[in-house]
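2 protein chains.
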Amino acid sequence: MRSTRRVIGIDPGLTRCGIGVVEGRPGVARLVGVDVVRTPSDLPLGERLLTVETAVADWIARSRPDVLAVERVFSQHNVRTVMGTAQAAAMAIAAASRRGIPVAVHTPSEVKAAVTGHGRADKSQVAFMVRRLLCTPGLVAPPDATDALALAICQLWRGAALDRLAVGGWS
Amino acid sequence: MRSTRRVIGIDPGLTRCGIGVVEGRPGVARLVGVDVVRTPSDLPLGERLLTVETAVADWIARSRPDVLAVERVFSQHNVRTVMGTAQAAAMAIAAASRRGIPVAVHTPSEVKAAVTGHGRADKSQVAFMVRRLLCTPGLVAPPDATDALALAICQLWRGAALDRLAVGGWS
Chain V
0 MRSTRRVIGI
10 DPGLTRCGIG
20 VVEGRPGVAR
30 LVGVDVVRTP
40 SDLPLGERLL
50 TVETAVADWI
60 ARSRPDVLAV
70 ERVFSQHNVR
80 TVMGTAQAAA
90 MAIAAASRRG
100 IPVAVHTPSE
110 VKAAVTGHGR
120 ADKSQVAFMV
130 RRLLCTPGLV
140 APPDATDALA
150 LAICQLWRGA
160 ALDRLAVGGW
170 S
Chain S
0 MRSTRRVIGI
10 DPGLTRCGIG
20 VVEGRPGVAR
30 LVGVDVVRTP
40 SDLPLGERLL
50 TVETAVADWI
60 ARSRPDVLAV
70 ERVFSQHNVR
80 TVMGTAQAAA
90 MAIAAASRRG
100 IPVAVHTPSE
110 VKAAVTGHGR
120 ADKSQVAFMV
130 RRLLCTPGLV
140 APPDATDALA
150 LAICQLWRGA
160 ALDRLAVGGW
170 S
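Respectively, the protein sequence lines represent chains V and S.
Each residue of the first sequence is one higher than the last, beginning at 0 in numbering that gives the first Met the number 0.
Each residue of the second sequence is one higher than the last, beginning at 0 in numbering that gives the first Met the number 0.
Here it is as structure tokens:
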């Protein structure tokens with residue numbers, strides 16, 4: 000098992016999809032890259048989905064992550080946006096699987112607990128801790144981007160623990 | 000405008016995804032092909048999504064439809080399966096868009112009304128009318144398959160009407 004891992008985190012959405020790549024090991028995380036993909040709501044759904052997929056595929060090609068981490072989408076989410084969220088997540092998951100990259104899924108509370116120690120932390124606290132953990136206090140990034148980085152950090156922490164428990168992969 | 004259209008209908012789902020292709024014009028529909036794609040629930044989500052996409056892409060390549068019709072997914076659906084339904088629909092829509100094929104979306108009640116005259120018809124009535132409209136009384140096909148055919152027939156009927164109203168495409 001390599002001690003350093005690279006993870007791409009996806010905060011899925013059609014209007015805004017956060018993409019964050021980090022590298023490290025439990026307790027140590029370094030920022031590799033961050034992005035937010037936007038698709039206009041007046042574009043046909045198929046083109047919006049392909050835009051998300053292309054962006055994720057480009058980031059996978061550029062950053063060569065070991066694993067993709069994505070937020071588990073619940074139907075209890077905002078019903079107005081949950082379909083777009085689920086469909087954007089599907090495109091990201093498919094983009095990873097197409098390239099043989101394992102996919103890990105974390106709940107929002109797992110992510111919050113991993114970066115703040117508290118499963119019900121608010122967005123600003125998550126963003127604050129992401130900047131602190133990555134040693135990038137001046138990082139200018141919207142919440143979708145810091146949420147994607149939080150997912151990637153969560154996978155870096157938890158994935159390693161799961162690795163030790165179950166021999167055989169990160170997903 | 001060509002008088003005859005070919006439509007691929009998708010009844011999206013991860014466990015079972017119905018695919019039905021019909022050809023015709025309002026009032027006249029002919030069966031081209033029908034299929035149900037199944038993916039086992041113990042397969043990783045990414046592989047299930049790719050299996051659905053590959054099946055839809057294969058049917059598009061084989062049947063060369065003018066338009067893909069898919070059911071609008073509501074968050075009011077069964078919450079246990081709605082995420083898989085939305086994600087399977089995303090793969091079908093992306094498969095069509097990738098090939099430049101327009102995508103049309105219909106609500107369940109639009110589909111039922113188109114084939115039975117009643118927006119709240121039950122599944123067996125939809126299946127009965129699909130067989131009658133396609134002149135295939137002995138067609139052996141599960142409900143996912145007849146639902147996909149009903150969607151395609153709905154698009155054949157309604158799409159033509161929308162064409163006359165709005166010059167410029169079927170989606």
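Note that CB positions come from ideal geometry on N, CA and C, so glycine has one too.
- Of the other Cβ atoms in all chains shown, fewer than 16 fall within 10 Å of the Cβ of residue 139/V; this residue is therefore exposed.
- With 16 or more neighbouring CB atoms inside 10 Å of its own CB, residue 51/V falls in the buried class.
- The DSSP assignment places complete alpha helix (DSSP H) segments of no fewer than 4 residues inside the segment 59-129 of chain V at 81-97, 107-115, in order along the chain.
- Membership of residue 134/S in any beta strand (DSSP E) is not indicated, and neither H nor E is assigned to it by DSSP.
- 9 Å or more divides the Cβ of residue 29/S from the Cβ of residue 36/S.
- Counting of Cβ neighbours within 10 angstroms places residue 42/S among the exposed residues, the total staying below 16.
- Residue 105/S is classed as buried because its beta carbon has at least 16 other beta carbons within 10 Å across all chains shown.
- In the pairwise beta carbon analysis, the segment 107-120 of chain S is classified as not touching the segment 50-66 of chain V: fewer than three pairs are separated by under 8 Å.
- Note on residue 141/S: under 16 other CB atoms within 10 angstroms of its CB, so exposed under the neighbour-count rule.
- Residue 153/S sits away from residue 17/S, with the two beta carbons spaced by 9 Å or more.
- As the crow flies, the alpha-carbon of residue 137/S is around 44 Å from that of residue 53/V.
- By the neighbour-count definition (other C-beta atoms within 10 Å, threshold 16), residue 157/S is a buried residue.
- In this structure, residue 126/V sits away from residue 33/V, with a CB-CB distance that is not shorter than 9 Å.
- In this structure, residue 155/S and residue 24/S form a Cβ contact; the two beta carbons are roughly 7 Å apart against a cut-off of 8 Å.
- When the five nearest sequence neighbours on each side are left out, the beta carbons in the same chain lying within less than 6 Å of the beta carbon of residue 56/S are those of 94, in order along the chain.
- C-alpha of residue 68/S to C-alpha of residue 31/V: approximately 41 Å in a straight line.
- Between residue 44/S and residue 100/V, the C-beta gap is not smaller than 9 Å, which leaves the two residues out of contact.
- DSSP places residue 28/V inside the beta strand (DSSP E), whose first and last residues are 27-37.
- Annotation for residue 107/S: 70 place their beta carbon closer than 7 Å to its own, counting only its chain and skipping 5 residues before and after.
- Secondary structure at residue 158/V: helix, using DSSP grouped into helix, strand and coil.
- The Cβ neighbour count for residue 122/V, taken over all protein chains shown within 10 Å, is under 16; the residue is labelled exposed.
- The Cβ-Cβ distance between residue 82/S and residue 48/S does not fall below 9 Å.
- In terms of beta-carbon proximity, residue 46/V lines the interface with chain S, with at least one pair separated by less than 9 Å.
- With a threshold of 9 Å between beta carbons, residue 124/V makes no contact with chain S.
- Using a CB distance below 8 Å, the part of the segment 34-62 of chain S facing chain V consists of 43, 44, 45, 46, 48, 49, 52, ordered along the chain.
- Going by beta carbons, residue 102/S and residue 66/S fall inside the 9 Å limit.
- Residue nearest to residue 87/V within the set 11/V, 150/V, 129/V, 98/V is 11/V (criterion: CA-CA distance).
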